[in-house]
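Each residue of the sequence shown is one higher than the one before, counting from 6 in the numbering used here.
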Amino acid sequence: MKNPFFNNHETTGKERLSPTTVQPLFDAMPGIVCAINQHGIFAYANEHAAQEWGYAPEQLTGMHWLEIVTEKDRARAESQFIAATNNSTVTRINIWINKEQGGLQCTQWSMQWNTAQNLMYCFVQPASGRNEAQSNGGTLPLDGHSGELLDIFSCITDGFFAMDKEWRIVHYNPQAEHILNISAAQLLNCKFLDCFPEMEGTIFHQQYDKAFREQTAVQFEAFIPRFNRWFVVSAYPSDLGLFVFFRDATEQKEEVERHRKYEEQIERQNRQLVSILEHMNQGFISLNNELVVQYFNHKAEEILEVKRSEIIGKNLIEWYCEPARQLYRPMFEKVIREHNAVISEHICPQNGKWVELSVYRTENGLSAFFRDVDARKKTEEAFRRLSLIARETANSVIVTTPSMTITWVNDAFLRNTGYTMQEVLGREMNELLSGPETNPATIRYIQSQQKKGRPYQIEMLHYRKNGTPFWTESYAQPIFDSAGNLEQYFSIETDITERKKNEHELRKLSLVAQQTNNIVAIIGKDKRVEWVNDAFTRITGFSFEEAVGRYSHEIFDGPETDPAVVALVQEKWDRREPVHVQVLNYKKNGETYWADVNSQPVFNEKGKLQHFFSIAIDITERKRLEQVLEEEKRKHQQMVTAAVINAQERERTQVGRELHDNVNQVLTTVKLYQELCRDGIGSSEELINKSIQLLQESINEIRSLSKRLSAPTLGKIRLKDSLNELVDVIAATNRIRIEMDIAEIEHLDVAQDVHLAIYRIMQEHLTNILKHADATHVCINIQHGGDELVLQVSDDGKGFDIRQKRDGIGISNMTTRAESVQGRLTVTSTPGSGCVLLAYIPV
């Protein structure tokens, strides 16, 4: 079948094809098409030369083609050109050319020499990628000069085939055979859809049909499953049919796909990196070589207290304050210069906080990681200060590993627990100090906090080495190393056993607070009433609403309330100590009542005062009875005093009578005897002897009277000596026989007031026996039992009825004497049975 496109393959010289005859086709071809004569002079160039190189076709025409070739490639280009003129095959060469406006382009030249025309037809594309054909918007008119066109099409590196209007393939170049691996013989003069039935309805069919119908060039890319390849296609219509240029774009497509996937992977990695940087617990800043901020994470915003929008794109050093510039500029410049990382802990001049900074060199600048270690540094400083006093404090101090193994304790811990240092070191703290009633939840809480590296404050029941329990309030602080790793725990324990006992008592009291008949009130730290029970309302007359919120002294105190008691309560409250007082309080109606008040401070689990828990008992009746008793005591004392005064008066009267009736009469007789001697009446010797005898009787009488009135010389003799002397004086009267057993106090020394009381009781009782009992025999016995003396005096006298009222006060005086030294005295007697006196005197 005759090819409608190339119907004059054999041409004459006059019919030879000139470049201008196929210029529209050349301009529509994908790349630069040019013709060069045997002398190397451009004979023709299409419009693509202007687009790619900047040379208009008319500029190139008449120019030697080597003029646009770079100097280093000229010799090789000329050699290849000469070689191409000596054969009819396509020669390909990559050479660099100089663009008209400056710049270089690496190009691939496909050359084929046409002997008939003496022209080298060249198809030129960029070596790094081939430009697709562009439509000139019209048809491709062809004449019958097919031989020259075939030479040109053979030079084209893309696949090419031509179809007539019946869709028959009329030309199929070698490159197409190579790309599709189908020979021209299998396709020529066959309809397109007969050769490729799978193409029906595909984009290939649709686009070719569009080019035919609309007489417009089309470009597209599509995948052909049959060949398992991607193709870039350009189709150009003409009056006779369709020119189709195609090339295998599979590698390019796969490269684009690989690039897309690579970019997606990079994007995912970038998002992951950003997520990591945004969630890390360190500040991060990325700087370029000019120290301009490229990235600034959320933690950096928090630590430096600046929004990233205010600093990204700015020079970090210029943003810093001057002291910070002086610190960081040399540091950053050193890292850039020496490529060595810098790690430092310091106080940041920008915000005055401790930071840990690590700066590293990167390919494009610096990466800075930093974190706020201000709390840790302050904790370390606190630990350092605490360690200075740890050895001297009365509180227990314990240093443990993160797993709670004890590495050090102070002396106070050893004193408080009873352990030795050797018994403690290396032991697990909870295992050492826990016991049967230690709360397991408390231990779990401590373990949880220590695993998290957090401080904790807790109350816990511990046990000493001897098994006795004691309550402690523990404050534990974690200590970290410079890398932020938990290194140890520093714990201080305060013994709060007494406080816990008080709180326990308060809790028991609170259980009955609502039901008790006693006043219960809770007083706040500000000394205002926070709560009262029903008994308060019944006793005081104030309602709950009237009392709550008012100061306690406004509710309870009045004009006659003792200021000293009020001051004592305020002082105890200010010192957060319990207080117990008896105070005169006032009711709402102004009546007074006496209250026995116990007020106890209540602390929370952190040892801070919450309020005061007060219980007041109405003791008004008890106070009244105490006043009655006090009045009776006063009257009794008055009676005793009166009795003592009466006794003293009677004793004075007796002394006066003794002196008057005895001593005075004797002395009067002596005076008479002396007057007789003076006047020479009677015998002087006899009168003098009688006077001497009478004077001796007077002396004896006065001595006897003196002993009865005066106490013994207690500071020089023991109790048994003074009692012996007293008994000797009484026995000298020869009126009674006395037996005394005081062996148990042979070597006993007693206090002077006890000595005198026993002596006076004995003296009073023996005198009464002489005067009133008519006794002949008296037994005296003193026993020393433990911390008291028991005095027993019995006689065989006539006795008396102890119930009858008597005029004398002897028994009353002896009772008073015994009570004056916290003793007691009883007298037992019946008529005709004598009398027994018992006295119990503490020693």
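Note that CB positions come from ideal geometry on N, CA and C, so glycine has one too.
Computed from a predicted structure; not experimentally measured.
With distance defined between alpha-carbon atoms, name the residue in the options nearest to residue i.
i: Asp337; options: Asn91, Tyr365, Leu794; result: Contrary to the premise, residue 337 reads as Phe rather than Asp in this sequence. Taking only the C-alpha atoms, the option nearest Phe337 is Tyr365.
i: Asn705; options: Asn739, Thr658, Val668; result: Val668
i: Ile352; options: Leu677, Ala380, Gln220, Ser838; result: Ala380
i: Lys104; options: Trp58, Met819, Thr545; result: Trp58
i: Phe608; options: Asn345, His509, Phe549; result: His509
i: Leu664; options: Ile722, Ile229, Gln85, Ile707; result: Ile707
i: Pro441; options: Thr521, Arg449, Gly472, Glu428; result: Gly472
i: Gln64; options: Cys39, Lys77, Gln85, Glu631; result: Cys39
i: Thr545; options: Leu589, Lys613, Lys810; result: Leu589
i: Ser817; options: Leu842, Asn444, Thr499, Asp214; result: Leu842
i: Lys613; options: Arg629, Lys530, Leu371; result: Lys530
i: Val584; options: Ser604, Pro568, Glu637; result: Ser604
i: Tyr424; options: Pro131, Tyr468, Arg629; result: Tyr468
i: Lys457; options: Val660, Pro407, Arg432, Lys810; result: Pro407
i: Val783; options: Glu793, His789, Gln797; result: Gln797
In the DSSP output, what is residue i paired with across the bridge?
i: Gln462; result: Tyr480
i: Met168; result: Ile174, Leu247
i: Ser408; result: According to DSSP, Ser408 bridges with nothing at all.
i: Arg234; result: Ile229
i: Phe289; result: Phe374
i: Lys215; result: In the DSSP output, where bridge partners are listed per residue, Lys215 has none listed.
i: His616; result: Gly529, Val607
i: Glu793; result: Gly790, Pro847
i: Cys127; result: Cys39, Met116
i: Leu278; result: Partner(s): none; Leu278 has no beta bridge.
i: Phe495; result: Val404, Gln482
i: Tyr598; result: Asn590
i: Val297; result: Asn320
i: Trp413; result: Val404
i: Val261; result: Val261 pairs with nothing; no bridge assigned.
i: Cys682; result: Cys682 pairs with nothing; no bridge assigned.
i: Asn103; result: Leu109
Excluding sequence positions up to five away, which residues of its chain have a Cβ less than 7 Å from the Cβ of residue i?
i: Glu751; result: Lys725
i: Asp169; result: Pro9, Val175, Leu245, Gly246
i: Glu350; result: Trp359, Glu361, Val378, Ser487
i: Glu137; result: Here Glu137 scores only 35 on pLDDT, less than 50, and its place in the model should not be relied on; the value that follows carries that caveat. Answer for Glu137: Pro35, Gln224, Val237, Ser239, listed in chain order.
i: Glu385; result: Ile484
i: Val755; result: Leu724, Val848
i: Glu83; result: Leu71
i: Lys532; result: Tyr556, Ser557, Trp578
i: Arg313; result: Phe301, Glu306
i: Val671; result: Leu699, Glu702, Ser703
i: Asp78; result: Ile100, Trp101
i: Lys593; result: Thr545, Gly546, Phe547
Kindly list the residues whose CB is nearer than 8 Å to the CB of residue i, restricted to its own chain and excluding five residues on each side of it in sequence; keep chain order.
i: Val347; result: Met336, Lys339, Val340, Leu362, Ser363, Val364
i: Phe201; result: Phe209, Arg231
i: Gln679; result: Leu692, Ser696
i: Pro62; result: Tyr49, Ala50, Asn51, Glu52, Ala54, Ala55
Below 8 Å on the Cβ atoms is my guess for residue i versus residue j; work out the distance and round it to an integer in Å.
i: Val534; j: Gly554; result: 7 Å
i: Trp476; j: Leu466; result: 6 Å
i: Thr738; j: Leu775; result: 7 Å
i: Arg829; j: Ala762; result: Contact flag wrong, Cβ pair sits at about 12 Å.
i: Gly839; j: Asp779; result: Contact flag wrong, Cβ pair sits at about 10 Å.
i: Phe495; j: Val404; result: 6 Å
i: Asn194; j: Arg173; result: 6 Å
Near residue i, what residues of its chain come up, given a Cβ to Cβ distance below 6 Å and the 5 sequence neighbours on each side ignored?
i: Asn773; result: Gly815
i: Ile622; result: Asn523, Asp601
i: Tyr480; result: Gln462, Ile497
i: Phe251; result: Gly164, Phe236, Val238
i: Arg765; result: Arg822
i: Phe228; result: Trp235
i: Val832; result: Ile816, Leu842
With 7 Å as the threshold, decide whether the Cβ of residue i is near any Cβ in chain B.
i: Ile622; result: Checking the listed chains, one finds no chain B in this structure; it contains a single protein chain.
- request: At 4 residues or longer, and completely inside the region 528–575: list those alpha helix (DSSP H) runs for me, N to C.
  value: Runs found: 539–545, 549–552, 557–561.
task: Scan the region 175–205 and note each continuous alpha helix (DSSP H) run of 4 residues or more that stays entirely inside, going in chain order.
output: Taking 4 residues as the shortest admissible run, the region 175–205 contains the following complete alpha helix (DSSP H) segments, listed from N- to C-terminal end: 179–185, 189–192, 197–200.
message: I'd like the ranges of any beta strand (DSSP E) spanning at least 3 consecutive residues and lying wholly in the region 303–370.
response: The beta strand (DSSP E) runs lying completely inside the region 303–370 and spanning 3 residues or more are 347–352, 359–366, given in chain order.
- prompt: What residue ranges within the region 709–784 form continuous alpha helix (DSSP H) runs of no fewer than 4 residues, ordered along the chain?
  reply: As summarised for the region 709–784, the continuous alpha helix (DSSP H) elements at least 4 residues long and confined to that stretch are 724–736, 757–773, given in chain order.
message: I'd like the ranges of any alpha helix (DSSP H) spanning at least 4 consecutive residues and lying wholly in the region 56–98.
response: Qualifying alpha helix (DSSP H) stretches, in chain order: 62–65, 76–90.
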